[in-house]
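Residue numbers (our numbering): 183 to 274.
Scroll down for the structure; my scribbles are underneath it.
What follows is the structure, given as structure tokens:
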């Protein structure tokens, strides 16, 4: 998929530099996700947060038990809005 994550490098705190399949790169700050929502509670520890991997085109933690949609990561990292039109994803 066009917006899949192909590489991720930890920067600091809850920030990760992402590279996408389409060649775009950007830094995503996931502090908002980590501080809200029960599903991300285990990642509040920076040591646990740093244990991410790139699987199936997105960031995952705990062997895939926790993930964030690649489209969400793309929009947050690049500030580009993805438009879904007739099952085709485009950047606006």
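C-beta: ideal position from N, C-alpha, C; glycine also.
In this text, all values refer to a predicted model and were calculated from it rather than measured experimentally.
| query | Is there contact here, the segment 219–231 with the segment 246–263, by at least three beta-carbon pairs under 8 Å? | reply | yes
Practice task
Work out the CA separation of residue 232 and residue 201 for me, nearest whole Å.
Solution key: One-based indexing of the chain shown puts residue 201 at position 19. One-based indexing of the chain shown puts residue 232 at position 50. Near 17 Å, if we compare the C-alpha coordinates of residue 232 and residue 201.
### Message
With a threshold of 6 Å on Cβ separation, who are the neighbours of residue 207 within its own chain once the five nearest residues in sequence on each side are excluded?
### Response
Taking the chain shown and counting its residues from 1, one reaches residue 207 at position 25. If we look at residue 207 and ignore the five residues flanking it on each side, its Cβ neighbours are 201.
- Query: Rounded to a whole number of angstroms, what is the C-alpha to C-alpha distance between residue 264 and residue 195?
  - Reply: In the chain shown, residue 264 corresponds to position 82, counting from 1. In the chain shown, residue 195 corresponds to position 13, counting from 1. Taking the straight line from one Cα to the other gives about 27 Å.
inquiry  = Could you check if residue 205 belongs to the surroundings of the ligand NAD, using beta carbon to heavy atom distance under 8 Å?
reply    = With respect to the ligand NAD, the structure offers nothing, as it holds no ligand at all.
Self-check item: Three-state secondary structure assigned by DSSP to residue 240
Solution: Sequence index remark: in the chain shown, residue 240 carries index 58 (1-based). In the structure shown, residue 240 sits in a strand (DSSP, three-state: E or B).
- Using the DSSP secondary-structure output, state which residues sit across from residue 187 in a beta bridge. Locating residue 187 in the chain shown gives position 5, counting from the first residue. The partner list for residue 187 (beta bridge, DSSP) reads 202.
message: Which of the three DSSP states is assigned to residue 218 in this structure?
response: Position 36 of the chain shown, counted from the first residue, corresponds to residue 218. Three-state result, residue 218: coil.
Is the Cβ of residue 198 closer than 9 Å to any Cβ of chain C? This model lacks chain C altogether, as it is built from one protein chain only.
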